[in-house]
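Under my numbering, the first residue of the sequence shown is numbered 74, with each subsequent residue one higher.
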Amino acid sequence: MTVRTALPRIAALLVALAIVAGTALDPVPTLTATYRGGYRVLEADFHAHTRFADGFLSPFDLVLQARRRGLDVLAITEHNIVFPAKMGRWFSRIVGGPTILVGEEVTKRGAHLHGVGLTERVDASLPMAQVLAEIHRQGGIAIAAHPVVAMQGPFLDQLDHIDAAEVMHPIAFQTSRGAWRWTEMRDFYEHALASGHHLTAIGSSDYHAGSPLGICRTLVFATDTSAGAVLEALKAGRTVVYDLDGHPYGDPEMAALLAREPYTMRPQDYGYHGTGPADRMTRALGWLGLVGLVLFGLRRRDKSATSH
74 MTVRTALPRI AALLVALAIV AGTALDPVPT LTATYRGGYR VLEADFHAHT
124 RFADGFLSPF DLVLQARRRG LDVLAITEHN IVFPAKMGRW FSRIVGGPTI
174 LVGEEVTKRG AHLHGVGLTE RVDASLPMAQ VLAEIHRQGG IAIAAHPVVA
224 MQGPFLDQLD HIDAAEVMHP IAFQTSRGAW RWTEMRDFYE HALASGHHLT
274 AIGSSDYHAG SPLGICRTLV FATDTSAGAV LEALKAGRTV VYDLDGHPYG
324 DPEMAALLAR EPYTMRPQDY GYHGTGPADR MTRALGWLGL VGLVLFGLRR
374 RDKSATSH
């Protein structure tokens, strides 16, 4: 074997070693139990996608990412399917990850609705009233997903049957005026409250790719960390969500409790820097191997094409 033929293999080995070592060195935060008013305070994200639709990560990767982010609870809500959430739930139980709720983003024209706590897929072709009834038949809760003006129409005459609404979403971080505005979500939530519909406040990341999983979180006040306890808390409305100015939405009693005894959200380390000498070294070797694969792989293809 010549040096030239060995180089691509060495590069591939470096990438493989970096992946294995990086996984072994991946820091997992220690989650300490915090209580307020006799309830366990859980940090949750109720809106995340996988590569089975328009996300990037597999259900297994999503669970590991949620664990890195210090989330206690994650609802996997893929478009019109539930098996990715069931895969994530199974895997999370094995690796000691967060509580996974089986969900679905029921994607209809003009409105997206989350069913969380499901046992089977909900048919998105059903009328909205029947979709809501099916979610409740399964014991789940119905969450209005990113209810901006363009997606509020189908919800307005079904407010009696919607359990919750996203009141915080990453579009709150937008500085430009786009088609979707966070204030429209907030106004939908407040309009529902003013008209006598007490929706549970939800903060979610609508995660697809990159780092923002858990960037918008829901504080859930539950009796324990089980899926059943989380669903019970959501049905009872025991959540608090903060906007970028620190204004709370949700259960007034829980919000007042947090005003007296503030709760600090867990730090979100997005992992762009190494956490120690070994981690930094494996990152460098991985990048070196990746560059080697690209360079030497291209040379081999060029040589093969020339010989033909």
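All residues carry an ideal CB built from backbone N, CA and C; glycine is no exception.
On a predicted model such as this, the values are computed, not experimentally measured, just so you know.
- Ranked by how close their Cα comes to the Cα of ARG210, the residues GLU193, VAL222 and VAL221 have GLU193 in first place.
- By the CB criterion at 8 Å, ALA148 and LEU130 fall outside the cutoff.
- Per DSSP, the continuous beta strand (DSSP E) segment holding VAL146 begins and ends at 146 to 152.
- A check of alpha carbon separations from ASP316 across ARG290, VAL114 and MET160 identifies ARG290 as the nearest.
- In the DSSP assignment, PRO321 falls outside any alpha helix (DSSP H) and lies within the beta strand (DSSP E) extending over 321 to 323.
- By DSSP's assignment, ILE173 forms a beta bridge with LEU147.
- One thing to note: ILE208 has its Cβ no nearer than 8 Å to the Cβ of GLU239.
- In the three-state reduction of the DSSP assignment, VAL101 falls in the coil class, being assigned neither a helical nor a strand state.
- In the DSSP assignment, VAL179 is bridged to LEU186.
- According to the DSSP assignment, ARG259 belongs to the alpha helix (DSSP H) that extends over 255 to 267.
- Taking the CA atoms as reference points, ALA295 sits about 24 Å from HIS219.
- Distance from VAL155 to GLU177 at the Cβ level is roughly 5 Å; contact confirmed, criterion being Cβ atoms closer than 8 Å.
- Looking at the DSSP output, VAL293 shares a beta bridge with LEU115 and THR312.
- Under the DSSP assignment, VAL240 falls in the beta strand (DSSP E) whose first and last residues are 237 to 241.
- Taking C-alpha positions only, GLU116 is separated from HIS242 by approximately 15 Å.
- Between GLY365 and ILE83, the gap from beta carbon to beta carbon is short of 8 Å.
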